[in-house]
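Take a look at the structure set out below.
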Amino acid sequence: MKVSDILRVKGHSLITVTPDETLATAVQIMSEKDIGSLVVMEHGDLVGLLTFREVMQALAQNGGTIGNISVRKAMDDAPITCTSETDMDEVRRMMLNNHARYMPVLDKRMLMGVISFYDVAKAVVDSQNFENKMLKAYIRDWPEVTNFGESHGPAIGCVIDGCPPGMPLSEADIQPDLDRRRPGTSKFVTQRNEPDTVQILSGVFQGLTTGTPIALLIQNTDQRSKDYGDIVQTFRPGHADFTYWRKYGLRDPRGGGRSSARLTAPMVAAGAVAKKWLAIKHGTTFKGCMTQIGELPIGFESWEHVHHNPFFAPIADVTHLEDYMNVLRKSGDSCGARLRVVAQGMPIGLGQPLFDKLDADIAYAMMGINAVKGVEIGSGFTCVTQKGSEHGDPITRNGFIGNNAGGVLGGISTGQDLEVSIAVKPTSSILIPRSSIDMQGNAVEVLTKGRHDPCVGIRATPIAEAMLALVVIEHVLQHRAQCGDVVQPASS
5 MKVSDILRVK GHSLITVTPD ETLATAVQIM SEKDIGSLVV MEHGDLVGLL TFREVMQALA
65 QNGGTIGNIS VRKAMDDAPI TCTSETDMDE VRRMMLNNHA RYMPVLDKRM LMGVISFYDV
125 AKAVVDSQNF ENKMLKAYIR DWPEVTNFGE SHGPAIGCVI DGCPPGMPLS EADIQPDLDR
185 RRPGTSKFVT QRNEPDTVQI LSGVFQGLTT GTPIALLIQN TDQRSKDYGD IVQTFRPGHA
245 DFTYWRKYGL RDPRGGGRSS ARLTAPMVAA GAVAKKWLAI KHGTTFKGCM TQIGELPIGF
305 ESWEHVHHNP FFAPIADVTH LEDYMNVLRK SGDSCGARLR VVAQGMPIGL GQPLFDKLDA
365 DIAYAMMGIN AVKGVEIGSG FTCVTQKGSE HGDPITRNGF IGNNAGGVLG GISTGQDLEV
425 SIAVKPTSSI LIPRSSIDMQ GNAVEVLTKG RHDPCVGIRA TPIAEAMLAL VVIEHVLQHR
485 AQCGDVVQPA SS
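Note that my numbering has the sequence shown beginning at 5, numbered continuously upward.
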């Protein structure tokens with residue numbers, strides 16, 4: 005950093021006096037302008053510098069009064085100077101060695117400005133803060149996932165930036181999670197039949213991640229845009245149609261465009277990459293299930309049952325769920341759901357004390373999933389009715405007893421399972437007429453045609469797992485960068 009960098013921010017405005025001006029006048033100027041120095045100029049040349057130090061010395065020498073003392077008599081007639089190209093480290097050295105708080109800046113005898121010790125210190129602090137912010141932003145967005153595409157566009161996909169190099173990766177590692185989320189897999193979800201075959205475009209060479217951006221592509225093959233012809237000018241209640249139009253001035257009505265849950269497929273693909281890295285490096289695994297659909301609570305029997313029914317329900321017999329959904333589908337209505345997602349084998353110490361709390365980032369990510377309207381960590385809202393003696397999980401040498409905290413205390417992971425629950429609202433696109441308006445503000449009746457999930461929560465379990473995995477890998481990499489050298493206590 006050079007002096008010119010400081011002057012560029014501070015500006016080149018100057019207040020000067022002549023050497024024949026009275027010291028009293030100079031002090032008055034310094035007081036009115038709230039400045040600590042005056043450059044003394046004569047015939048266009050710098051002849052001295054007057055600071056509060058010279059003023060105090062004049063007062064001491066004259067019995068506490070200024071009288072008619074001239075600036076020439078009080079000023080420093082040989083001030084140290086620098087140029088616009090002087091390095092800031094050199095300026096600091098000169099100021100410290102000469103006990104100087106102010107330094108005129110000269111370029112070929114032309115006065116360019118004055119810098120103070122405060123200016124130098126502020127520049128150094130600002131520079132360090134900028135570097136810290138850039139480093140924090142780099143680590144904070146590492147890895148960064150960007151997704152692209154629309155529901156009825158030619159393709160959707162994502163770019164993962166910051167994935168560590170050297171991890172074995174192929175389409176076969178990603179496809180199983182996409183198949184779990186894929187539409188058209190049962191009569192209880194949308195009948196849009198997308199194979200959701202993933203293609204790795206970049207970031208992998210000879211079967212290993214290279215550390216460069218990983219681009220993943222999923223083709224759209226079964227769009228039916230004609231189904232949305234009747235809602236081009238109207239807004240579906242509960243849908244993003246209205247807010248997208250008011251924000252952007254236009255919208256893509258075909259399947260909701262960017263607001264469609266179709267865009268969760270690339271996030272599931274990105275989450276599969278995160279899951280694999282976390283499993284290899286830390287043994288961390290992710291799983292989820294449905295705990296309620298509409299008015300029907302779902303008990304827990306075994307994680308094994310989740311893989312053997314279309315609801316991701318942890319129970320063996322789902323007949324009552326099928327009956328409920330059959331009635332709902334025939335009525336043309338929709339329902340919401342409650343899901344549970346768990347991360348096991350969690351490292352201790354992930355998260356920050358305040359703004360980057362692990363649980364805050366989890367909630368942020370989960371609320372980014374289409375149709376999610378609520379997030380709970382651990383016992384969640386149940387803690388309202390609990391006493392402190394009930395909610396606080398006792399600690400022993402062998403770990404915690406209970407997990408009301410959901411694996412996070414003070415924004416930092418405890419090493420217990422991360423326990424997250426989300427509430428998914430009913431699908432907005434239904435076959436029941438509802439009141440709305442058109443783009444001209446006229447009252448209309450909206451009835452949505454097409455192929456829609458009667459409960460979007462049915463396919464949301466792998467999506468929630470993916471989002472949790474993306475949050476965890478982000479915090480693992482942050483923690484490694486910040487605390488990689490921290491020696492853990494023997495008892496931990």
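We treat Cβ as the ideally placed atom computed from N, Cα and C, and that holds for glycine.
Keep in mind that this is a model prediction, so the values were computed, not measured.
Whole-angstrom distance between residue j and residue i, CA atom to CA atom
i	j	result
Gly15	Asp49	20 Å
Leu343	Phe359	26 Å
Gly117	Leu18	6 Å
Tyr122	Arg105	8 Å
Gln486	His479	10 Å
Met3	Val149	As shown, the chain starts at 5 and ends at 496. That puts residue 3 outside it, with no answer to give.
Arg262	Gln210	34 Å
Tyr142	Glu94	Confidence at Tyr142 is low in this model, with a pLDDT of 47, below 50, so its placement is unreliable and no value can be given for it.
Val490	Gly419	16 Å
Asp24	Val31	14 Å
Gly4	Met329	It is not possible to answer for residue 4, since the shown part of the chain is limited to 5 through 496.
Thr268	Gly396	36 Å
Pro108	Cys86	7 Å
Arg97	Met5	14 Å
Ile428	Val448	First, the residue type needs correcting, since residue 428 is Val and not Ile in the sequence shown. If I take the Cα positions, the gap works out to 27 Å.
Arg338	Thr431	Checking the sequence shown, residue 338 turns out to be Ser, not Arg. Approximately 6 Å between the Cα atoms of the pair.
Leu139	Pro168	A caution first: Leu139 carries a pLDDT of 48, below 50, which makes its placement in the model unreliable, though a value can still be read off. Between Leu139 and Pro168, the C-alpha separation is close to 17 Å.
Lys361	Leu325	37 Å
Gly445	Ile297	35 Å
Ile39	Leu53	13 Å
Lys285	Gly275	15 Å
Gly461	Leu11	58 Å
Lys391	Ala341	28 Å
Lys191	Arg266	18 Å
Leu4	Met99	This structure does not reach residue 4, given that the chain is present from 5 up to 496, and the question cannot be answered.
Ser131	Thr225	51 Å
Ile477	Ser264	26 Å
Beta-carbon proximity of residue i to residue j, cut-off 9 Å
i	j	result
Val202	Ile218	no
Pro351	Gly415	no
Ala273	Leu220	yes
Ile426	Met370	yes
Leu119	Val51	Reading the sequence as shown, one finds Ile at residue 119 and not Leu. Contact: no.
Ser41	Thr55	yes
Leu474	Met171	no
Val424	Phe239	no
Ile434	His456	yes
Cys459	Leu354	no
Asn72	Ala28	yes
Ile319	Glu299	no
Pro199	Arg463	no
Thr465	Val310	yes
Met92	Val128	yes
Gly242	Ser155	no
Gly166	Phe152	no
Val193	Pro314	yes
Cys469	Lys279	Strictly speaking, residue 469 in this sequence is Glu, with Cys absent from that position. Cβ atoms of Glu469 and Lys279: closer than 9 Å.
Residues bridged to residue i [DSSP beta-bridge criterion]
i	result
Leu50	Met45
Gly292	Val345
Glu423	Val346
Val95	In the DSSP output, where bridge partners are listed per residue, Val95 has none listed.
Asp165	Glu148
Thr213	Val208
Val202	Ile222
Ala276	For Ala276, which the question treats as bridged, DSSP gives no partner whatsoever.
Tyr248	For Tyr248, which the question treats as bridged, DSSP gives no partner whatsoever.
Arg438	Val450
Met114	Asp111
Gly403	Thr400
Leu300	Ile297
Ile381	Val424
Ile160	Gly153, Ile222
Residue i: CB within 8 Å of a non-hydrogen atom of the ligand PLP
i	result
Val236	In the structure shown, the ligand PLP is absent, as is every other ligand, since no ligand is present at all.
Discussion item. Any contact between the stretch 372-390 and the stretch 407-420? By contact I mean 3 or more CB pairs, one from each, below 8 Å.
Written reply: With a cut-off of 8 Å, the stretch 407-420 and the stretch 372-390 count as touching, because enough Cβ pairs lie within range.
Practice prompt. Within the stretch 54-93, note down every full alpha helix (DSSP H) run reaching 4 residues or more, in order along the chain.
Written response: With a minimum length of 4 residues, the continuous alpha helix (DSSP H) runs that stay inside the stretch 54-93 are 56-65, 75-78.
Worksheet item: If we count Cβ pairs, one from each stretch, closer than 8 Å, do we get three or more for the stretch 285-296 versus the stretch 337-356?
Response: By the Cβ criterion, the stretch 285-296 is in contact with the stretch 337-356, since at least three pairs of Cβ atoms, one from each stretch, lie closer than 8 Å.
Worksheet item: In chain order, which continuous runs of the alpha helix (DSSP H) of length 4 or greater are located wholly inside the stretch 316-378?
Response: Segments of the alpha helix (DSSP H) lying fully in the stretch 316-378: 323-335, 362-371.
Discussion item. Between the stretch 438-445 and the stretch 362-378, can you find at least three pairs of beta-carbon atoms closer than 8 Å?
Written reply: Contact check between the stretch 362-378 and the stretch 438-445: fewer than three CB pairs, one atom from each, fall below 8 Å, which does not count as touching.
Discussion item. Is it the case that the stretch 203-211 contacts the stretch 166-177, given that we only count it when at least three CB pairs across the two stretches are under 8 Å?
Written reply: Taking a contact to require three or more Cβ pairs closer than 8 Å, the stretch 166-177 and the stretch 203-211 qualify as touching.
Discussion item. Under 8 Å: do the stretch 56-63 and the stretch 76-85 share three or more Cβ pairs, one atom per stretch?
Written reply: Touching, yes, given that three or more Cβ pairs across the two stretches are closer than 8 Å.
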